[in-house]
Amino acid sequence: FDRKRGIITRGERVGERRFNDISGVRSFMQTCLLARAIYEALKNNDHPTIRDLYYYTLHTIEGTEIETFNDQDESNSIFQDIEVMTGLLREQMGIVAESRGAMVGNIILESKGNRIDCTKFGIGAFNIPSLCDQIRILEVDAEYVLVVEKDAIFQRLNDYEFWRKNNCILITGKGQADRATRRMVKRLNEEWDLPVYVLTDADPFGWYIYSTYRAGSISLSYESFRLACPEAKFLGMTMTDIEKYEIPRDHLIKANEIDIKRAKELLVKDPVTKLPRYPWFYESKKWRQEINIFLEKKVKAEIEAKSSKGFRFLSDVYLPEKISNKDWIT
382 FDRKRGIITR GERVGERRFN DISGVRSFMQ TCLLARAIYE ALKNNDHPTI RDLYYYTLHT
442 IEGTEIETFN DQDESNSIFQ DIEVMTGLLR EQMGIVAESR GAMVGNIILE SKGNRIDCTK
502 FGIGAFNIPS LCDQIRILEV DAEYVLVVEK DAIFQRLNDY EFWRKNNCIL ITGKGQADRA
562 TRRMVKRLNE EWDLPVYVLT DADPFGWYIY STYRAGSISL SYESFRLACP EAKFLGMTMT
622 DIEKYEIPRD HLIKANEIDI KRAKELLVKD PVTKLPRYPW FYESKKWRQE INIFLEKKVK
682 AEIEAKSSKG FRFLSDVYLP EKISNKDWIT
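Note that the sequence shown covers residues 382 to 711 in this note's numbering.
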């Protein structure tokens with residue numbers, strides 16, 4: 382964790398792959414196969430998906446019954462290694478991945494010469510493309526970015542035109558965000574100086590989603606500098622909101638063992654380094670309070686629980702109130 386930059390970064394440890402080392406010959410072969418496939422795609426100006434690359438390089442090694450890759454995950458891992466080795470990101474290589482993110486609000490984009498007004502999608506929204514750095518951001522007239530964990534909540538806020546009434550840009554990653562969604566959020570924060578607020582369920586999974594937007598992830602630590610937003614603020618839903626907004630007890634969900642385990646992990650130190658694994662949680666008084674309330678009560682709450690106050694309570698009261706009162710956690 383780079384405290385100065387507030388993001389997870391790649392460490393100094395390195396690995397080697399040798400064709401004459403029996404323990405590394407398989408990964409060496411896989412690296413060469415994928416690197417050749419990427420080179421051929423670049424040479425022919427093709428934009429294959431990660432899954433295309435997997436199938437393109439998957440075959441039985443001649444004279445054996447051994448497959449070049451056991452599964453897609455193995456291929457993906459080698460691909461990430463190639464990104465680190467070459468210093469080129471997937472997007473810079475023109476490799477496409479499935480994109481899930483969507484965006485709506487007072488923002489105008491340009492893609493392949495086409496002007497895209499993100500206020501004119503009706504009840505729909507602009508689908509953030511995998512190669513989002515190829516999108517030019519021409520104009521932005523918004524005060525902040527609101528990142529919503531759930532697509533259903535995003536659609537409801539869009540239907541109410543929350544973005545128009547509150548002059549913001551709505552974005553959803555539909556759960557754990559993909560790289561393109563995180564990159565778009567980062568660009569709006571960095572290039573247009575827009576504050577970023579994150580709305581998730583009140584549970585450890587939601588907190589981890591916020592953590593990924595804020596500090597990055599270990600698996601993509603080499604990309605944190607272009608994906609993470611250290612200044613992103615957690616708007617809610619918080620455990621203290623449950624009492625403050627009088628969420629009925631029968632609207633709460635009992636936490637399971639996985640939830641409890643994940644929550645505890647947010648407040649522990651690494652047994653080797655003796656440093657907090659998640660310092661932005663561990664060293665924050667407010668976050669420790671939230672997590673300890675969760676561990677004490679062993680309940681969690683969904684964003685939708687606020688519907689007990691009315692269908693428009695979230696959009697008309699909760700969100701505007703939280704933002705105007707600066708009731709967030711960093």
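Glycine is no exception: its CB is placed at the ideal position from the N, C-alpha and C atoms. Since this is a predicted model, take the numbers as computed values, not measurements.
Give a yes or no on whether the C-beta atoms belonging to Ile518 and Leu490 are separated by under 8 angstroms. yes
Contact the region 578-586 vs the region 435-453: 3+ CB pairs below 8 angstroms: no
Between the region 556-573 and the region 506-521, do at least 3 Cβ pairs fall closer than 8 angstroms? yes
Simplified DSSP assignment, three categories, for Tyr591: helix
Say whether the region 636-649 touches the region 595-614, bearing in mind that this needs 3 or more beta-carbon pairs closer than 8 angstroms, one atom from each stretch. no
If you follow the beta strand (DSSP E) that Phe535 is part of, which residue opens it and which one closes it? Segment 532-540 is the alpha helix (DSSP H) holding Phe535; no beta strand (DSSP E) there.
Label Lys635 either buried or exposed according to how many other C-beta atoms from any shown protein chain fall within 10 Å of its C-beta, with 16 as the threshold for buried. exposed
Do you know whose CA, among Asp433, Glu685, Arg669, Asn495, lies nearest Leu538's CA? Glu685
Taking contact to mean 3 or more Cβ pairs, one atom from each stretch, closer than 8 angstroms, check whether the region 484-500 and the region 449-456 are in contact. no
Between Val528, Thr430, Asn508, Ile509, which has its C-alpha nearest Gly475's C-alpha? Thr430
First through last residue of the alpha helix (DSSP H) which encompasses Asp433: 431-438
Am I right that Ala583 and Lys681 are in contact with their C-beta atoms under 8 angstroms? What's the rounded C-beta distance? 6 angstroms
If we count Cβ pairs, one from each stretch, closer than 8 angstroms, do we get three or more for the region 431-439 versus the region 410-423? yes
What number of angstroms, rounded off, separates the C-alpha of Asp739 from the C-alpha of Ala422? What the structure shows of the chain is the stretch from 382 to 711, and residue 739 is not part of that stretch, so it cannot be assessed.
Please return the same chain residues whose Cβ sits closer than 6 angstroms to the Cβ of Asn508, not counting the five positions on each side in sequence. Ala483
Anticipated Cβ contact below 8 angstroms, Ala523 with Leu575, distance rounded: 6 angstroms
Length at least 3, wholly inside the region 480-563: the beta strand (DSSP E) runs in chain order: 483-486, 488-492, 495-498, 517-521, 525-529, 549-553
Quick one, which of Glu638, Ile710, Pro652 has its alpha-carbon nearest Gln670's? Ile710
Nearest neighbour of Tyr663, chosen from Lys650, Val526, Lys501, Ile674 [CA to CA]: Lys650
Do Ile463 and Ser408 have their CB atoms nearer than 8 angstroms? no
Rounding to the nearest angstrom, what Cα-Cα distance links Phe675 and Tyr659 in this structure? 17 angstroms
Return the bridge partner residues of Leu580 from the DSSP annotation. Val529, Gly617
Give every residue of the same chain whose Cβ lies closer than 6 angstroms to the Cβ of Ala418, excluding the five residues on either side of it in the sequence, and list them in chain order. Leu434, Tyr437, Thr438
Assign Lys385 to one of two classes, buried (16 or more other C-beta atoms within 10 Å of its C-beta) or exposed (fewer than that). exposed
Since Ala418 is in the alpha helix (DSSP H), which residue starts that stretch and which ends it? 406-424
Once the 5 residues before and after Arg471 are set aside, which same chain residues still bring their CB inside 8 angstroms of it? Ile431, Phe460, Glu464, Ala478, Arg560
DSSP beta-bridge partners of Lys635: Val680
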